[in-house]
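>
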Amino acid sequence: MGKITPRFLFAVIICGLFLLSAKAVIPNTSYGPNRAITVDKQQSYFIGFYIYSSTKEASEIIASTIDADCTEDITNPTASNPAPVTVQCAADIPAPDITVVNDEADNCTTNPNVAFVEDTSDGNSNPEVITRIYSVTDDANNSINVTQTITVDDTQLPTASNPSPVTVQCTADIPAPDITVVTDEADNCTTNPNVAFVEDTSDGNSNPEVITRTYSVTDDANNSINVTQTITIDDTQLPTASNPSPVTVQCTADIPAPDITVVNDEADNCITNPSVAFVEDTSDGNSNPEVITRTYSVTDDANNSINVTQTITIDDTQLPTASSPAPVTVQCAADIP
90 MGKITPRFLF AVIICGLFLL SAKAVIPNTS YGPNRAITVD KQQSYFIGFY IYSSTKEASE
150 IIASTIDADC TEDITNPTAS NPAPVTVQCA ADIPAPDITV VNDEADNCTT NPNVAFVEDT
210 SDGNSNPEVI TRIYSVTDDA NNSINVTQTI TVDDTQLPTA SNPSPVTVQC TADIPAPDIT
270 VVTDEADNCT TNPNVAFVED TSDGNSNPEV ITRTYSVTDD ANNSINVTQT ITIDDTQLPT
330 ASNPSPVTVQ CTADIPAPDI TVVNDEADNC ITNPSVAFVE DTSDGNSNPE VITRTYSVTD
390 DANNSINVTQ TITIDDTQLP TASSPAPVTV QCAADIP
């Protein structure tokens with residue numbers, strides 16, 4: 090039997106080793122897939138694609154036929170896409186985990202290799218969808234990708250307490266909006282949710298008037314709540330004024346008419362010019378002297394009011410006047426008028 094010397098060999102390993110043992114006479118030619126050639130003795134070969142070219146004088150070779158189940162592996166492995174995941178925060182995104190691909194299989198490889206490939210974001214926010222890719226590869230390097238969608242969707246509202254209520258005397262005492270009065274804002278995802286002033290709304294009343302001040306608390310996903318602070322304007326402080334200077338007159342006709350300008354130092358904690366008004370005159374019922382108590386009220390815009398008094402004394406100390414009558418001269422005592 091002539092010995093065949095291969096001039097070239099191309100082999101692709103697919104299913105492993107097989108042992109050449111069966112002998113058959115095959116015409117001297119080129120051999121295609123699933124053929125392996127032996128010359129002198131039993132040898133082990135990898136299954137693949139072999140081509141032998143004969144030398145002169147060679148007329149036949151001994152070969153074995155490969156098991157029909159072990160052919161060139163061009164079949165991809167299989168696997169299902171892992172179950173989708175939804176999380177509240179980016180920090181909650183699970184690390185890549187090849188065990189989420191749990192049904193990988195292959196026609197030849199018992200345990201195809203699963204590997205993490207990459208994460209790709211859709212670029213949106215709340216929700217943001219991340220596509221996580223895993224590859225599944227068999228021993229013949231056939232490979233598929235499976236994908237897992239991870240949705241980052243923060244639906245949880247931030248939290249904060251209503252700021253402490255405030256009571257002031259005057260409108261001018263209302264504090265300016267101050268976001269630092271919201272002191273315990275928190276969120277499941279955002280470390281420092283944004284606090285912003287929204288508006289002041291009055292109940293339309295006066296003394297007390299209640300203003301509701303609203304602040305918003307917003308996280309990075311634009312979830313937002315409002316908290317409110319009540320500001321009560323309640324002017325309980327009375328205005329001030331001094332009693333006008335007392336007046337003394339001789340006669341009732343000399344009593345001056347009421348004049349609010351005699352109250353000249355009226356003041357208030359909230360308003361610049363409290364209102365002064367005449368209230369009444371009250372006599373003590375005596376005469377010469379008679380004392381009249383004149384009362385004025387001083388009132389602020391919150392209707393807080395005080396009275397001040399001015400005493401007017403009627404004391405006629407002036408003597409009356411008269412002229413002596415003309416002298417009369419008579420003749421007799423009996424003529425005296």
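Take any residue in the sequence shown, note its place counting from 1, add 89, and you have its number in my numbering. Quick reminder that beta carbons are idealized off the backbone N, C-alpha and C, glycines included. Here the structure is a predicted model, which means the values were calculated and not measured.
Span of the beta strand (DSSP E) holding D370?
Here residue 370 corresponds to residue number 281 of the sequence shown, with the count starting at 1. Per DSSP, D370 belongs to the beta strand (DSSP E) from S364 to S372.
> Could you tell me if N447 is buried or exposed, where buried requires 16 or more neighbouring beta carbons within 10 angstroms of its beta carbon?
The chain is shown only over 90 to 426; residue 447 falls outside these bounds and no answer can be derived.
> If P266 and R302 are in contact, beta carbons under 8 Å, what's the gap, nearest whole angstrom?
Your numbering for residue 266 matches position 177 in the sequence shown. Your numbering for residue 302 matches position 213 in the sequence shown. Distance from P266 to R302 at the Cβ level is roughly 7 Å; contact confirmed, criterion being Cβ atoms closer than 8 Å.
> Assuming P297 contacts I322 under a Cβ cut-off of 8 Å, what Cβ separation, rounded to an integer in Å, is found between them?
Counting from 1 along the sequence shown, the entry for residue 297 is found at position 208. Counting from 1 along the sequence shown, the entry for residue 322 is found at position 233. Going by Cβ atoms, the distance from P297 to I322 rounds to 6 Å, so yes, they are a contact pair.
> Between I360, T384 and T410, which lies nearest to D262 when the distance is taken from Cα to Cα?
Here residue 262 corresponds to residue number 173 of the sequence shown, with the count starting at 1. Cα-wise, what sits closest to D262 is I360.
> Going by beta carbon distance, what residues of the same chain come within less than 6 Å of V225, once the five residues before and after it are set aside?
Position 136 of the sequence shown, counting from 1, holds the residue named residue 225. Only P166, A168, E193, P201, V203 and I233 meet the Cβ criterion.
> What does the Cβ neighbour count give for A391, buried or exposed, with the cut at 16 atoms within 10 Å?
Stepping through the sequence shown from its first residue, residue 391 is reached at position 302. Counting the other CB atoms within 10 Å of its CB gives A391 a total of 16 or more, which places it among the buried residues.
> Could you tell me whether the Cβ atoms of E379 and I403 are closer together than 8 Å?
Here the question's residue 379 lines up with position 290 in the sequence shown. Here the question's residue 403 lines up with position 314 in the sequence shown. Cβ atoms of E379 and I403: closer than 8 Å.
> Tell me whether A423 is buried or exposed, calling it buried when 16 or more other Cβ atoms sit within 10 Å of its Cβ.
In the sequence shown, the residue the question calls residue 423 occupies position 334. Exposed.
> For T329 and I395, what's the separation of their Cα atoms in angstroms?
Residue mapping note: residue 329 aligns to position 240 of the sequence shown, counting from 1. Residue mapping note: residue 395 aligns to position 306 of the sequence shown, counting from 1. About 7 Å.
> Across which residues does DSSP place S394 in a beta bridge pair?
Working through the sequence shown from its first residue, we reach residue 394 at position 305. T388.
> Round the Cβ separation of D208 and E217 to the nearest angstrom and send it over; I've been treating them as touching at under 8 Å.
Translated into positions along the sequence shown, residue 208 becomes position 119. Translated into positions along the sequence shown, residue 217 becomes position 128. For D208 against E217, the beta-carbon gap comes to about 11 Å, at or over 8 Å, which does not count as contact.
> Using 8 Å for Cβ pairs, my map puts I349 next to I381. What's the rounded Cβ distance?
If you number the sequence shown from 1, residue 349 lands on position 260. If you number the sequence shown from 1, residue 381 lands on position 292. That pair is no contact at about 17 Å.
> When you compare only the Cα positions, how much space is there between Q318 and G293?
Within the sequence shown, numbered from 1, the residue matching residue 318 stands at position 229. Within the sequence shown, numbered from 1, the residue matching residue 293 stands at position 204. About 17 Å.
> Beta-carbon within less than 8 Å of D324's beta-carbon, same chain only, minus the 5 sequence neighbours each way: which residues are those?
Counting from one through the sequence shown, the residue named residue 324 turns up at place 235. So the list reads Q258, C259, N296, N358, C359, D389, D390, A391 and N393, once near-sequence residues are dropped.
> Closest by CA to T240, which one among C178, T279, S250 and D276?
Here residue 240 refers to the residue found at position 151 of the sequence shown. Nearest C-alpha to T240: C178.
> Might you give, ordered along the chain, the residues of its own chain that have their beta carbon closer than 6 Å to the beta carbon of S331, omitting 5 neighbours on each side?
Along the sequence shown, read from residue 1 onward, the residue named residue 331 stands at position 242. Only D354 meet the Cβ criterion.
> In whole angstroms, what is the alpha-carbon distance linking V336 and P414?
Locating residue 336 in the sequence shown gives position 247, counting from the first residue. Locating residue 414 in the sequence shown gives position 325, counting from the first residue. Going by the C-alpha atoms only, they are around 38 Å apart.
> Candidates S250, T220, V299 and Q399: which alpha carbon is nearest P347's?
Reading the sequence shown from its first residue, position 258 is the one you call residue 347. The shortest Cα separation from P347 among S250, T220, V299 and Q399 belongs to Q399.
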